[in-house]
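J.:
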Amino acid sequence: MSYLSEPVSEPACNGDKSLSTFELIGSAFAGLVGVQSRKNRIRDFSRGRPLQFVAVGVIFTGLFFVSVMGVVQLALASAS
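With this note's numbering applied, the sequence shown corresponds to residues -2 to 77, in that order.
(1) Roughly how many whole angstroms lie between the Cα atoms of Ala52 and Ala76?
(2) From Ser34, Val30, Arg44, Leu60, pick the residue whose C-alpha is nearest to that of Ala18; which is it?
(3) To which residues of the same chain is Ser34 closer than 8 Å at the C-beta, ignoring the five residues directly before and after it?
(4) With H, G and I counted as helix, E and B as strand and the rest as coil, what does DSSP make of Leu29?
(5) From Gly54 to Leu73, what distance separates their C-alpha atoms?
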């Protein structure tokens, strides 16, 4: 049985409260590495806003790019 065919229950009474900054960053990072729990995924789709996840994804992508460029620069500097 696929996890997509399981019934989805509503999260605990959180009302219309949006995700905190910590929850948003944690969810984006967990999704990035592929370890997002079902409970958090349901919470994200019920309380999160798509624009928030896009913004955090762009920031994570920029940080990853800068990190890779830094490692490449260090490798090139040590090779000379």
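The beta carbon of each residue, even a glycine, is placed where N, CA and C say it ideally should be.
Computed from a predicted structure; not experimentally measured.
T.: Here's the rundown:
(1) Position 55 of the sequence shown, counting from 1, holds the residue named residue 52. Position 79 of the sequence shown, counting from 1, holds the residue named residue 76. Cα-Cα distance, rounded: 36 Å.
(2) As a working mapping, residue 18 is identified with position 21 in the sequence shown. The residue you asked about is not Ala; residue 18 is Thr in the sequence shown. It is Arg44.
(3) Here residue 34 corresponds to residue number 37 of the sequence shown, with the count starting at 1. Contacts found: Ala27.
(4) For the purposes of this step, residue 29 is taken as residue 32 along the sequence shown, with counting starting at 1. Of the three classes helix, strand and coil, the one that applies to Leu29 here is helix, per DSSP.
(5) For the purposes of this step, residue 54 is identified with residue 57 of the sequence shown, where counting begins at 1. For the purposes of this step, residue 73 is identified with residue 76 of the sequence shown, where counting begins at 1. Taking the straight line from one Cα to the other gives about 28 Å.
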